[in-house]
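First comes the structure, then the notes that go with it.
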Amino acid sequence: MQISLNEILKGKTYPEAGTAFFNVLQQAINANQKLKIDMEGVDSIPTMFMTNSFGRIMDEYGVKKLKETMMFSHISKAQIERIGKYLTDYAEVYNVAE
5 MQISLNEILK GKTYPEAGTA FFNVLQQAIN ANQKLKIDME GVDSIPTMFM TNSFGRIMDE
65 YGVKKLKETM MFSHISKAQI ERIGKYLTDY AEVYNVAE
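The sequence shown runs 5 to 102 under my numbering.
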């Protein structure tokens with residue numbers, strides 16, 4: 005599976021886009037598929053978006069399953085660091101299982 009994160013963000017609030025992205029991630033996990041996420045055109049990844057997508061997935065499936073499912077293309081070093089920090093901090097604060 006492949007998606008453009010920029011397309012998911014278009015015309016939505018960050019929480020709405022996060023929920024839409026959660027649904028795509030959940031579909032990939034349930035189908036045992038990798039999800040390639042194209043980051044082209046994405047300037048920022050707000051916490052509200054990540055909580056409604058990555059956070060919910062980690063709560064339901066764990067950190068390991070989320071990491072195994074996602075692959076990124078056209079991602080900047082800053083975006084990699086931001087997402088990585090969010091995943092680590094979320095798992096620690098909410099005591100989410102690996």
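Even for Gly, the Cβ is constructed at its ideal location relative to N, Cα and C.
Residue environment analysis places ALA82 among the exposed positions, since fewer than 16 neighbouring C-beta atoms fall within 10 angstroms of its C-beta.
If you draw a straight line from the Cα of SER80 to the Cα of TYR98, it is about 27 Å long.
Shown here, ASP93 sits in a helix according to DSSP, grouped into three states. Between the stretch 25-34 and the stretch 65-79, the count of C-beta pairs closer than 8 Å reaches three or more; the two stretches touch. Secondary structure of LYS40 (DSSP, three-state): strand.
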